[in-house]
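Numbering (this note's numbering), first residue to last: 128 to 624. Notes to accompany the following structure.
Here it is in structure tokens:
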């Protein structure tokens with residue numbers, strides 16, 4: 128069977144949208160699964176819906192990468208968006224044609240090609256996702272390197288070349304999972320301007336003519352189809368092989384921090400896509416952390432003790448699902464500073480996302496580093512609810528007891544892999560967290576419920592404060608932990624409803 132390319136696709140009888148030729152309007156640093164299921168998808172849909180008529184030229188951020196394979200397929204790849212919408216199973220296939228080619232700048236010809244794109248009149252955007260470690264200033268980089276080893280170094284080279292050619296400024300959209308990703312990238316570029324002794328005119332160009340946007344991305348991208356039988360079935364259906372096949376969840380939102388004019392310049396609003404331009408992404412990050420991530424940390428530890436192994440199965444348990452929804456709608460959403468309809472819609476999508484029939488998201492994997500996660504994701508909602516309502520939030524209070532229960536349930540041993548506990552149904556499990564946190568629970572393994580709760584709540588290394596000073600919290604946690612141990616976590620969750 129032939130590999131996917133334009134000729135093969137035509138022979139296969141594919142009837143979906145395809146755009147073969149268009150100017151390269153995007154220079155994209157990163158060619159992995161996430162960007163191809165996220166950014167390149169948005170631009171592809173924009174081509175179809177509003178005639179944006181643009182292509183993305185991809186660049187490998189590091190030497191080993193997918194350039195050869197992408198170019199063999201002429202930029203084409205198959206994307207499956209899978210999940211649940213309004214309780215209904217969704218499995219959508221789309222061949223993405225928004226990618227023109229992929230460059231490996233560690234090869235001389237491709238480095239030169241990258242610089243040719245840099246000075247193109249058609250270029251409008253730079254997009255990046257070079258992992259959390261990608262936006263770093265490396266003083267070893269020099270202007271004459273071909274290329275600079277760091278991504279900010281490469282971007283500075285690209286922008287300097289464009290400035291020297293007298294071309295217009297660009298919009299830079301950073302997708303790396305760090306706070307203020309656009310601002311941090313601009314900071315690195317300015318450091319290279321200083322280090323390389325570049326002229327003041329270029330500094331003004333970068334800081335005044337270019338627009339560096341911090342963005343918040345939200346789409347789960349499993350990326351690969353690992354089941355050989357399913358791969359064979361899809362190849363037979365499609366009439367081609369595609370080693371670049373990508374898989375993402377149906378849900379997706381891209382919050383872009385930028386000036387008001389950018390929303391009209393980008394094609395996404397006109398295409399009806401969930402990519403709003405906002406003056407500040409911080410509230411949207413808070414929304415994601417408090418609702419999506421907070422839901423995970425809030426219910427999975429007790430659900431695991433209650434016998435569940437993957438997120439999807441929890442959504443079919445009335446007690447667990449009800450507990451999660453009450454926590455989100457009654458206790459978390461009232462503390463958030465965004466439009467309530469927006470928050471309600473985001474929370475409603477969480478249940479669909481957790482009920483994804485194509486993703487087996489293991490509770491034990493979510494439990495990693497739960498001490499810092501509860502502090503970052505759940506404690507702010509907990510404390511702000513108390514400030515707002517003057518009383519303890521029932522579900523968040525129970526989730527704290529479930530956290531303690533998970534790390535203290537019939538402790539067996541502490542080894543190099545973590546703290547080994549025993550589940551009520553009999554099997555052992557290993558808690559993974561900061562070593563000091565695991566050692567704390569090991570040292571307190573023989574404590575009474577009262578002594579354990581007091582020790583946890585007064586551990587300021589864990590929480591940054593003494594939680595026993597929150598009125599009624601210690602007594603409630605003692606009662607909740609006893610209920611979890613005596614009646615089971617699911618019954619404890621049900622008691623909150």
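Using N, Cα and C, we set each Cβ at its ideal position, and we do this for glycine too. In this text, all values refer to a predicted model and were calculated from it rather than measured experimentally.
Start and end residues, alpha helix (DSSP H) containing residue i
i	result
residue 129	It is not in any alpha helix (DSSP H) - residue 129 carries neither H nor E in the DSSP assignment.
residue 317	308-322
residue 176	166-177
residue 182	Per DSSP, residue 182 belongs to no alpha helix (DSSP H); it is in the beta strand (DSSP E), 182-186.
residue 548	Note, residue 548: premise wrong, no alpha helix (DSSP H); beta strand (DSSP E) at 545-549.
residue 341	Taken as a continuous stretch (DSSP letters only), residue 341 belongs to no alpha helix (DSSP H), being part of the beta strand (DSSP E) at 338-345.
residue 135	133-139
residue 438	438-441
residue 329	327-331
residue 288	278-291
residue 156	Premise fails: residue 156 lies in the beta strand (DSSP E), 151-156, not in any alpha helix (DSSP H).
residue 198	194-199
residue 620	616-621
residue 428	421-432
residue 298	Note, residue 298: premise wrong, no alpha helix (DSSP H); beta strand (DSSP E) at 298-301.
residue 568	562-570
residue 583	576-584
residue 588	587-590
Buried versus exposed call for residue i [16 or more other C-beta atoms within 10 Å across all chains shown]
i	result
residue 532	buried
residue 274	buried
residue 467	exposed
residue 471	exposed
residue 126	In the structure as shown, the chain begins at 128 and stops at 624. Residue 126 is therefore absent and cannot be evaluated.
residue 128	exposed
residue 509	buried
residue 399	exposed
residue 554	exposed
residue 150	exposed
residue 195	exposed
residue 152	buried
residue 138	exposed
residue 87	Residue 87 is absent from the model: the chain starts at 128 and stops at 624.
residue 155	buried
residue 376	buried
residue 271	exposed
residue 135	buried
residue 245	buried
CB-CB length for residue i against residue j, believed under 8 Å
i	j	result
residue 226	residue 210	That pair is no contact at about 23 Å.
residue 439	residue 483	6 Å
residue 264	residue 200	The pair is not a contact, with the Cβ atoms about 35 Å apart (cut-off 8 Å).
residue 371	residue 204	4 Å
residue 369	residue 384	In fact, because the Cβ distance is near 35 Å, the residues do not count as touching under 8 Å.
residue 342	residue 382	6 Å
residue 461	residue 512	7 Å
residue 451	residue 422	5 Å
residue 189	residue 158	Not quite, the Cβ-Cβ distance comes to about 10 Å (not below 8 Å), so this is no contact.
residue 582	residue 529	Incorrect: roughly 17 Å between the Cβ atoms, too far for contact.
residue 256	residue 161	6 Å
residue 186	residue 241	6 Å
residue 587	residue 578	17 Å between Cβ atoms; not a contact.
residue 626	residue 590	What is shown of the chain runs 128 to 624, which leaves residue 626 out entirely.
residue 534	residue 568	5 Å
Range covered by the beta strand (DSSP E) that runs through residue i
i	result
residue 689	Because the chain is modelled from 128 through 624, residue 689 falls outside the range shown and cannot be assessed.
residue 209	204-212
residue 556	555-558
residue 540	540-542
Within-8 Å CB hit, residue i to chain B
i	result
residue 438	The structure shown contains no chain B, having only a single protein chain.
Residue i: CB within 7 Å of a non-hydrogen atom of the ligand SAH
i	result
residue 184	Because no ligand of any kind appears in the structure shown, any question about the ligand SAH cannot be addressed here.
- Message: Using 8 Å as the cut-off, can you tell me whether the stretch 411-428 makes contact with the stretch 598-612, which would need three or more C-beta pairs spanning the two stretches below that distance?
- Response: no
- the stretch 385-403 contacting the stretch 167-178, beta-carbon criterion three pairs below 8 Å: yes
- Message: Going residue by residue through the stretch 452-531, where are the continuous beta strand (DSSP E) segments of at least 3 residues, counting only ones entirely within it?
- Response: none
- Any beta strand (DSSP E) of 3 or more consecutive residues that is wholly inside the stretch 354-412: 373-376, 380-384
- Message: With a threshold of 8 Å, are at least 3 pairs of Cβ atoms found where one atom belongs to the stretch 179-190 and the other to the stretch 205-222?
- Response: no
- Task: Kindly confirm or deny that the stretch 132-148 and the stretch 235-253 touch, where touching means at least three C-beta pairs closer than 8 Å.
- Result: no
- Message: Check whether the stretch 516-523 and the stretch 538-552 touch, using three or more Cβ-Cβ pairs below 8 Å as the test.
- Response: no
- the stretch 274-291 contacting the stretch 326-338, beta-carbon criterion three pairs below 8 Å: yes
- Message: For a minimum of 4 consecutive residues, which ranges assigned as the alpha helix (DSSP H) are wholly contained in the stretch 228-254?
- Response: 235-245
- Query: How about the stretch 558-568 and the stretch 450-463: do they share at least three Cβ pairs that are nearer than 8 Å?
  - Reply: no
- Three or more C-beta pairs closer than 8 Å, one from the stretch 403-418 and one from the stretch 347-360: is that the case here? no
- On the three-pair Cβ rule with 8 Å, is the stretch 612-624 touching the stretch 434-454? yes
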